[in-house]
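Taking it in order: structure first as structure tokens, then the write-up.
Numbering (the working numbering), first residue to last: 286 to 419.
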């Protein structure tokens, strides 16, 4: 064996020195279970709202589903991505703000596109037109 080759202990010390100060907090089993249970609940509620026809107003139903979806995103970010205001010098807070802005743009844009596609692509059919359909 060559004497110039780094030993296993040297490699471990180099890795530890490199990761010092960049250690992210990893969740415990308890935090993962809490995140999973919250995610299941936040997924089941919209299904129940739609399938049980609990809310009659379509606008209120869509608003409720979007709010529950946004809450679920935050649950995933906190319990699975371990984002908080303390870790990595506040960069995770900037990532959270950026994520919120992107999600708001995506949700608003999706709703805008779906509304206008429905309005512009679906013809207003009179009873006479319905009778003439093949």
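Note that the Cβ used here is the ideal one computed from N, Cα and C, for glycine as well.
Whole-Å CB distance - residue i paired with residue j, under 8 Å assumed
{"i": "residue 327", "j": "residue 346", "result": "Not confirmed; about 16 Å, so no contact."}
{"i": "residue 353", "j": "residue 331", "result": "5 Å"}
Limits of the alpha helix (DSSP H) - the one that residue i falls within
{"i": "residue 418", "result": "Per DSSP, residue 418 belongs to no alpha helix (DSSP H) and is neither H nor E."}
{"i": "residue 325", "result": "314–336"}
Reference residue i; option with closest CA among the options
{"i": "residue 318", "options": "344, 361 and 348", "result": "361"}
{"i": "residue 321", "options": "344, 387 and 364", "result": "364"}
{"i": "residue 383", "options": "416, 359 and 417", "result": "359"}
Within 8 Å, strictly: CB atoms of residue i and residue j
{"i": "residue 312", "j": "residue 367", "result": "yes"}
{"i": "residue 340", "j": "residue 329", "result": "no"}
{"i": "residue 351", "j": "residue 381", "result": "no"}
{"i": "residue 355", "j": "residue 388", "result": "yes"}
{"i": "residue 395", "j": "residue 357", "result": "no"}
Assigned secondary structure, residue i (DSSP; H/G/I helix, E/B strand, else coil)
{"i": "residue 410", "result": "coil"}
{"i": "residue 383", "result": "helix"}
{"i": "residue 352", "result": "helix"}
{"i": "residue 306", "result": "Only weak support is given to the placement of residue 306: the predicted model assigns it a pLDDT of 48, under 50, and the value that follows is read from those uncertain coordinates. Note: residue 306 maps to coil in three-state DSSP."}
{"i": "residue 300", "result": "For residue 300, the pLDDT reaches just 49, beneath the cut-off of 50, and the residue's location in the model is therefore unreliable, although a value from the coordinates is still provided. Residue state, collapsed to three classes: helix."}
{"i": "residue 367", "result": "coil"}
{"i": "residue 395", "result": "helix"}
{"i": "residue 401", "result": "helix"}
{"i": "residue 311", "result": "coil"}
{"i": "residue 390", "result": "helix"}
{"i": "residue 358", "result": "helix"}
{"i": "residue 339", "result": "coil"}
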